[in-house]
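Let me begin by presenting the structure, written as structure tokens, before commenting on it.
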Amino acid sequence: MAIKKSDKKIKGFAIQFMPYTEIKYLGSAERIKKILDIAFTNSILIIQGRLRPEEESRLIEDTMAMIGHVKNFKGIELAVISPHGNNQSPIEKFKNKLATRLSGGDLGAVTIIGPATVIKEIKQDPKKIELFLNK
Amino acid sequence: MAMKGITDFFKKFLPKIMRNKKDIKLGFYGPPNAGKTSLANRICKDFTGEEIGSVSKVPHETRHVQFKEKVEINYKGKSMTFKMIDTPGITTKVDYEDFLKYKVKKNEAKNRAKEATQGIIESIKWLDDMDLVVVVLDSTENPYNQVNITIIGNLVARKIPVLVVANKSDLKTSNIKRIEEAFPEYPVIGMSAKYGKNLDDFYEQVFKISKKVK
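The listed protein sequences correspond, in order, to chains B and X.
Whatever position you read off the first sequence (first residue = 1), add 1427 for the working numbering.
Whatever position you read off the second sequence (first residue = 1), add 376 for the working numbering.
Listed below in structure tokens is the structure:
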């Protein structure tokens, strides 16, 4: 059977940027729902800032709960790059903590989240993140 | 007066005595196939004669949290009793097709994937119950994996002491220094759970940190 041009579907993905203000005033459950809803649409999400550690683990829990329940969803790839490295002096640490408190989040960080069906792997080191996409 | 003295004595020391009797809950966390069960088995076998669980090259072999109660570890004339808790490996994705590469049948692979996702949820839920956590990492892999960072971040947020094990030091591509650089705030022990290499350093650190927990 011949396939009509109009029937052809373009397989692809979108990249979406989310400023921190979009999630700043949301509760943890709402933040995670918002992120996962975007991942379900085959989009790669780049978020200004980062989630709190307990939100990251909740994101993993909710992701696992959705595998097998959302069609073709196999999980996510997640990476965070932060300008605040591991080798900070106590003064730097204090300054960064204070800045994070005042701004309501680590705005210097960038979080990348995408569906595992789109992102094959994220290679990460303290200075860069490399995204490898599935063919 | 004497009665008051006795009461004060018990008030002061009884809680300490009771707390010391409680076993330290020692958790093994990390990504899949890092060697958590291999390490837990090595310790359990040495001190109880029994293993905690089975190991396999197929990822997600441990799909439920498994325990070994009353593991009394003796090291350099000292003794401490632990409740060992071996947890399923944490990851952000589970695809049943990955298991097919290991010649696992399709239905079995789908079932394994389902159990693996539930196991990961179970692992995370157990975080709150730990007294001390050994984060087991594969020293041949890149440590800057967000799952590793998330696990350690959660332990720090919960004020649970962390000991990092850079496992598989027997392999040629092992890079313990890279793990030390990635997690400079935590003690890192390079070891091989498979061959029992460097277990003395591991027990030394476990005892040192456990004293602070008690």
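The C-beta atom is built at its ideal place from N, Cα and C for all residues, glycine as well.
Min CB distance residue i to chain B below 9 angstroms
{"i": "X:GLY529", "result": "yes"}
{"i": "X:LEU575", "result": "no"}
{"i": "X:ALA485", "result": "no"}
{"i": "X:ILE500", "result": "yes"}
{"i": "X:LEU503", "result": "yes"}
{"i": "X:LYS490", "result": "yes"}
{"i": "X:GLN494", "result": "yes"}
{"i": "X:THR468", "result": "yes"}
{"i": "X:ILE555", "result": "no"}
{"i": "X:ALA569", "result": "no"}
{"i": "X:ILE461", "result": "no"}
DSSP three-state assignment for residue i, whether helix, strand or coil
{"i": "X:VAL589", "result": "helix"}
{"i": "X:LYS401", "result": "strand"}
{"i": "B:PRO1517", "result": "helix"}
{"i": "X:GLU445", "result": "strand"}
{"i": "B:LEU1486", "result": "helix"}
{"i": "B:PRO1542", "result": "strand"}
{"i": "X:VAL538", "result": "strand"}
{"i": "B:MET1493", "result": "helix"}
{"i": "B:LYS1554", "result": "coil"}
{"i": "X:TYR472", "result": "helix"}
{"i": "B:LEU1472", "result": "strand"}
{"i": "X:GLU561", "result": "coil"}
{"i": "X:ASP546", "result": "coil"}
{"i": "X:ASP462", "result": "strand"}
Cutoff 9 angstroms: residue i Cβ touching any chain X Cβ
{"i": "B:MET1445", "result": "no"}
{"i": "B:LEU1453", "result": "no"}
{"i": "B:GLU1481", "result": "yes"}
{"i": "B:VAL1507", "result": "yes"}
{"i": "B:ILE1459", "result": "no"}
{"i": "B:ALA1543", "result": "yes"}
{"i": "B:ILE1549", "result": "yes"}
{"i": "B:ASP1533", "result": "no"}
{"i": "B:PRO1517", "result": "no"}
{"i": "B:PRO1553", "result": "yes"}
Cut-off 7 angstroms between Cβ atoms - residues of its own chain near residue i, not counting five sequence neighbours on either side
{"i": "B:ARG1489", "result": "Here residue 1489 of chain B turns out to be Asp, not Arg, going by the sequence shown. Closer than 7 angstroms at Cβ, skipping near neighbours: ILE1459 and LEU1463."}
{"i": "X:ILE585", "result": "LEU508, PRO537 and LEU539"}
{"i": "X:ARG554", "result": "PRO519"}
Contacts around residue i, its chain only, beta-carbon distance under 8 angstroms, and the 5 residues preceding and following it disregarded
{"i": "B:ASN1561", "result": "THR1544, VAL1545, ILE1546 and LYS1547"}
{"i": "X:LYS433", "result": "ASN409 and TYR478"}
{"i": "B:LYS1431", "result": "Interpretation of B:LYS1431 is limited by its pLDDT of 46, a score under 50 that renders its predicted location unreliable; no figure is taken from the coordinates."}
{"i": "B:SER1433", "result": "Confidence at B:SER1433 is low in this model, with a pLDDT of 44, below 50, so the placement of that residue is unreliable and no value is reported for it."}
Within-9 angstroms CB hit, residue i to chain C
{"i": "X:ASP471", "result": "Annotation note: the requested chain C is absent from the structure, which comprises protein chains B and X."}
Residue i Cβ short of 8 angstroms to the ligand PLP heavy atom set
{"i": "X:THR526", "result": "Looking for the ligand PLP in the displayed structure turns up nothing, as the structure carries no ligands at all."}
Nonlocal neighbours in the same chain, by C-beta distance under 6 angstroms from residue i, ignoring five residues either side
{"i": "B:PHE1559", "result": "LYS1547 and GLU1548"}
{"i": "B:SER1509", "result": "ALA1536"}
Practice task
Report yes or no: do three or more beta-carbon pairs, one from the region 421-428 of chain X and one from the region 448-468 of chain X, lie closer than 8 angstroms?
Solution key: The region 421-428 of chain X makes contact with the region 448-468 of chain X, as at least three CB pairs between them are under 8 angstroms.
Handout entry: Interfacial residues, the region 1484-1505 of chain B to chain X, with Cβ spacing under 7 angstroms
Key = Cβ contacts with chain X come from SER1484, ILE1487, GLU1488, THR1490, MET1491, ALA1492, ILE1494, GLY1495, LYS1501, GLY1502, ILE1503, GLU1504 and LEU1505.
Problem - Given 8 angstroms, three or more beta-carbon pairs between the region 510-521 of chain X and the region 484-493 of chain X - result: With a cut-off of 8 angstroms, the region 484-493 of chain X and the region 510-521 of chain X do not count as touching, because too few Cβ pairs lie within range.
Practice task
May I ask you to verify whether the region 500-516 of chain X touches the region 529-539 of chain X, counting CB pairs closer than 8 angstroms and requiring at least 3?
Solution key: Output reads yes: the region 529-539 of chain X touches the region 500-516 of chain X.
Exercise for the section: With 9 angstroms as the limit, tell me which residues of the region 517-550 of chain X have their beta carbon closer than that to any beta carbon of chain B; keep them in chain order. Expected result: Under the 9 angstroms Cβ criterion, the region 517-550 of chain X contributes ASN518, TYR520, ASN521, GLN522, VAL523, ILE525, THR526, ILE527, ILE528, GLY529, ASN530, LEU531, VAL532, ALA533 and ARG534.
Exercise for the section: Mind checking the region 1464-1478 of chain B against chain X and listing, in chain order, the residues whose C-beta falls within less than 8 angstroms of any C-beta there? Expected result: Cβ contacts with chain X come from no residue of the region 1464-1478 of chain B.
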